[in-house]
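Residue 1 is where the sequence shown starts when you use my numbering, and the numbers rise one by one after that.
First up is the structure itself, then whatever we jot down about it.
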Amino acid sequence: MQKLIPTKRNPQAPSAVIMIRPHHFYANPQTEGDNAFQRLASEPMKTADLTGGGNLRKQAYEQVTNAAKILTAHGIQVHIFEDETQDKPDSVFPNNWFSTHSGGHIAIYPMFAENRRKERRSDIIDMLKQKYRVQDVLDYSGLEHDGLYLEGTGAMVLDHIERVAYAVQSNRTNPLALERFCSHFNYEPMLFDAADENGTAVYHTNVLMCIGTDFVMLGSDMVSDETRRNEIITRFEASGREVITLTPEQIAEFCGNALELQSAQQRLLAMSQRAYDALTSAQRDRLEKSVALVPLDVSAIETAGGSIRCMLAGIHLAARSI
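Right, here's the structure in full:
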């Protein structure tokens, strides 16, 4: 593979992330209704895991630990926070409740499931203010009172370079909330409908697409409207990116749920082992022209309907000088 030339700072690919290590992980009963990716029964910790051992909690804990170690070994700064509570089953997915942005901005988001609203943590925001340059925090969580939800970079996949927010309309993505975010953060909203082959709506945009610096992975066949589909592809191609088409079957294997990261040496693509295995060799070759692929085993966590991208809250803030 050719040596990748890094940029000092990459607006699309963060060099630091936040991860949550759950002590009581289980599939969330409040989200299984509209998350077709969710695989487990909802009764907490009373259902055995996929291997029949009932060790899902331990597996999730260990997989977060191992993923953080691997990313750190690849030159990514990983801030790990523990979650020892028993009433936040999806806390391992922090990218839904907050995001960070260049210029020193943080957004806090309104969440669809009531028990997910408990995931918001002041200690994480305090750490960001201490270690990074933060100018302001925009808190949209009050929109929950009006039934307006926008679940962060799950609901939106942000093109930080072209300033476009791609968003699949769903229970988790309200057009008015999206418009408000885009107005504040200077993004163009690109709202569209998407569904699987059974007609089930896609619950989060970040399972459908991954935007890198030089490439996009996109489940284009799942975009419902042909005109909108062509518009999205044209926009990506006009930005100079190579569009790598994912099949609905590959989307179901979380191939779209990946995140480009920037180390001091090269750009990386964090993805799950399951997603990596589902890519064709030709697709891997195309990706490796731009990034080093970093497959991570998060199979236990994927049973709850999210993969590695959902587990990584990218930090797009400038670090404070020590």
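Cβ atoms here follow ideal geometry from the backbone N, Cα and C, with glycine treated the same way.
The model shown is predicted, which means the values in this text are computed figures rather than measured ones.
Per the C-alpha coordinates, the member of Val134, His23, Tyr166 and Ile315 positioned closest to Leu56 is His23. The C-alpha of Trp97 lies about 15 Å from the C-alpha of Phe81.
Ser263 and Gly75 have their alpha carbons spaced roughly 5 Å apart. In this structure, the beta-carbon distance from Ile315 to Tyr149 does not fall below 8 Å.
Around the beta-carbon of Glu249, fewer than 16 other beta-carbon atoms lie within 10 Å, marking it exposed. Unbroken alpha helix (DSSP H) stretches of 4 residues or longer found wholly inside the region 230-266: 248-252, given in chain order. Residue range Phe98 to His101 is occupied by the beta strand (DSSP E) that includes Thr100, with no alpha helix (DSSP H) assigned at that position. The beta carbon of Cys255 lies closer than 7 Å to those of Met217, Leu246, Ala275, Ala278 and Leu279 in the same chain, with the five residues before and after it left out. For Leu287, the enclosing alpha helix (DSSP H) begins and ends at Ser281 to Leu287.
The beta carbon of Arg121 sits closer than 8 Å to the beta carbons of Phe81 from its chain, once the five residues preceding and following it are set aside; these are given in chain order. With a cutoff of 8 Å on beta-carbon distance, Lys88 and Glu114 are scored as not near each other.
The continuous beta strand (DSSP E) containing Ala292 extends over residues Ala292 to Leu296. Across the set Lys69, Ala313, Asp225 and Val92, the C-alpha of Asp225 shows the shortest separation from the C-alpha of Gly199. Secondary structure of Phe181 (DSSP, three-state): helix. A Cβ-Cβ distance of about 6 Å is found for the pair Val134 and Leu317, placing them in contact under the 8 Å criterion.
Relative to Leu138, the option among Leu158, Asp159, Gln130 and His101 whose CA is nearest is His101.
Here DSSP, grouped into helix, strand and coil, assigns Asp221 to helix. A check of alpha carbon separations from Thr205 across Leu143, Ser307 and Ser299 identifies Ser307 as the nearest.
In this structure, Val202 and Ser170 form a Cβ contact; the two beta carbons are roughly 7 Å apart against a cut-off of 8 Å. Here the alpha carbon of Ala177 sits roughly 30 Å from the alpha carbon of Glu242. Residue environment: Asn95 is assigned as buried (16 or more neighbouring CB atoms within 10 Å of its CB, all protein chains considered). The beta-carbon distance between Ser99 and Gly152, rounded to whole angstroms, is 5 Å. This is short enough to meet the 8 Å contact definition. In terms of CA proximity to Phe181, Val157 leads the group Gln130, Val157, Ala195 and Asp193.
According to DSSP, Ala165 shares a beta bridge with Leu158 and Pro189. Secondary-structure assignment with DSSP links Ile125 through no beta bridge to anything. A distance below 6 Å between beta-carbons, with the five flanking residues on each side excluded, links Leu71 to the following residues of its chain, in chain order: Val78. Secondary structure at Ile76: coil, using DSSP grouped into helix, strand and coil. The Cβ-Cβ distance between Leu259 and Ala252 does not fall below 8 Å.
If you compare the alpha carbons of Arg172, Asn174, Tyr187 and Ser141 with that of Arg163, the shortest gap goes to Tyr187.
Considering only Ile108, Asn230 and Arg21, the residue with the shortest C-alpha distance to Met190 is Asn230. Secondary structure at Ala68: helix, using DSSP grouped into helix, strand and coil.
Selection Gln130, Phe185, Asp126 and Leu268 evaluated against His160 yields Phe185 as nearest (Cα-Cα). Spatial neighbours of Arg235 in its own chain (CB-CB distance under 8 Å, excluding positions within 5 residues in sequence) are listed in chain order as Glu162, Val164 and Met190.
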